[in-house]
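Counting from 1, one number per residue, gives the positions in the sequence shown under full-length UniProt numbering.
Note that CB positions come from ideal geometry on N, CA and C, so glycine has one too.
Computed from a predicted structure; not experimentally measured.
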Amino acid sequence: MIGRRPLLLGFGAALATPRMLGASAPAQGAVDLVLNGAWRQGGYALGRTEPRALILVDGEALSTASTDGLFIVGFDRDAPALAEIEVRSGARSTRRVLDVAPYAFPSTRVDGLPPATVEPSDPALLDRIRQEVALKTEAFASRADADDFRDGFIWPLETYRISSEWGAQRILNGTPARPHYGVDLAAPAGTVIRAPADGRIVFTRPDMHFEGGLTLIDHGQGLISAYLHQSQLDVTPNQPVRRGDPLGRVGMTGRATGPHLCWRLKWRDRNLDPSLLVGARAPRRLA
1 MIGRRPLLLG FGAALATPRM LGASAPAQGA VDLVLNGAWR QGGYALGRTE
51 PRALILVDGE ALSTASTDGL FIVGFDRDAP ALAEIEVRSG ARSTRRVLDV
101 APYAFPSTRV DGLPPATVEP SDPALLDRIR QEVALKTEAF ASRADADDFR
151 DGFIWPLETY RISSEWGAQR ILNGTPARPH YGVDLAAPAG TVIRAPADGR
201 IVFTRPDMHF EGGLTLIDHG QGLISAYLHQ SQLDVTPNQP VRRGDPLGRV
251 GMTGRATGPH LCWRLKWRDR NLDPSLLVGA RAPRRLA
């Protein structure tokens, strides 16, 4: 069951046109720029420009286009209504402003969790959690020089039921918690988990306190997907993976009340909805 369809703009013959700063036609000294994507909170923009152009988001230099001119920009769950994307190549540049649509995120309640996974207080456990946070922070800082997101994602499970939507406001054991930055895919324990796109494994660990069995894949330019609660991990750090390769198996390790895969995605420090990249395609090569 798929709970909602992504807002895919420009995936057919016509491209959605973002509001442009300045002239409506490319000016002398401008850089070619084509964009499509899901321009909403938790979504993204896929772009094609000149190879190795500098990518700025809201005035901050955050990325560099690939050797094929491809790049991705993510919009966090609480992204503001406008996002400015600028590409620079030498002394030339082009800026565009995208309208980022708001999204009404649901609220979900989860009861029956072990108290130590909701409000841990044991000093030894808190020290373990701090160490695990440091490990995850280092892994999420990976910046592979790649554009493995260019052909979008496939679902990591062949058969599943969405048991919790991305971005839901969580109430855990009656206590309000941070939003849920994953899509929960309920499936029988042991179901094979497959890579949704090409990439490189940057982290694996079978026994994280909250996440249980955890795998992270770097798809390039700071786009990193995560797979939580696995009962079995079948990949190792630095291993390249191709779309459809097995990563591990569904379990209920860590903070979980039943077998499922929690599928997450981050672009740099921004949390994205990975399901919105299913079926995505980067803009075609510039003429």
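Asked: Reduced DSSP category for residue 288 - H, G, I as helix; E, B as strand; rest coil; Found: Residue 288 is absent from the model: the chain starts at 1 and stops at 287.
Asked: Separation of residue 159 from residue 189, as counted between CA atoms; Found: 12 Å
Asked: Cβ distance (whole Å) where residue 243 is taken to contact residue 154 below 8 Å; Found: 6 Å
Asked: Any C-beta of chain B under 8 Å from that of residue 104; Found: In summary, chain B is missing from the structure at hand, where a single protein chain is found.
Asked: Length of the line joining the Cα atoms of residue 68 and residue 172; Found: 45 Å
Asked: Rounded Cβ spacing between residue 148 and residue 90 (contact assumed at less than 8 Å); Found: With a Cβ gap of about 27 Å, residue 148 and residue 90 do not count as contacting.
Asked: Option nearest residue 240 by Cα separation, candidates 166, 72 and 195; Found: 195
Asked: Closest by C-alpha distance to residue 38, when choosing among 99, 84, 201 and 133; Found: 99
Asked: Backbone secondary structure at residue 127 - three-state DSSP; Found: helix
Asked: Sequence-distant residues of the same chain with beta carbon closer than 6 Å to residue 150, five excluded per side; Found: 70 and 282
Asked: First through last residue of the beta strand (DSSP E) which encompasses residue 94; Found: 92-99
Asked: Simplified DSSP state of residue 140, which is helix, strand or coil; Found: helix
Asked: Alpha-carbon spacing of residue 61 relative to residue 41, whole angstroms; Found: 21 Å
Asked: Residue closest to residue 79, alpha-carbon to alpha-carbon, out of 45, 156, 108 and 107; Found: 45
Asked: Bridge partner(s) assigned by DSSP for residue 240; Found: 200
Asked: Helix, strand or coil at residue 133 according to DSSP, with G and I counted as helix; Found: helix
Asked: Nonlocal neighbours in the same chain, by C-beta distance under 6 Å from residue 275, ignoring five residues either side; Found: 183
Asked: According to DSSP, residues forming a beta bridge with residue 83; Found: 98
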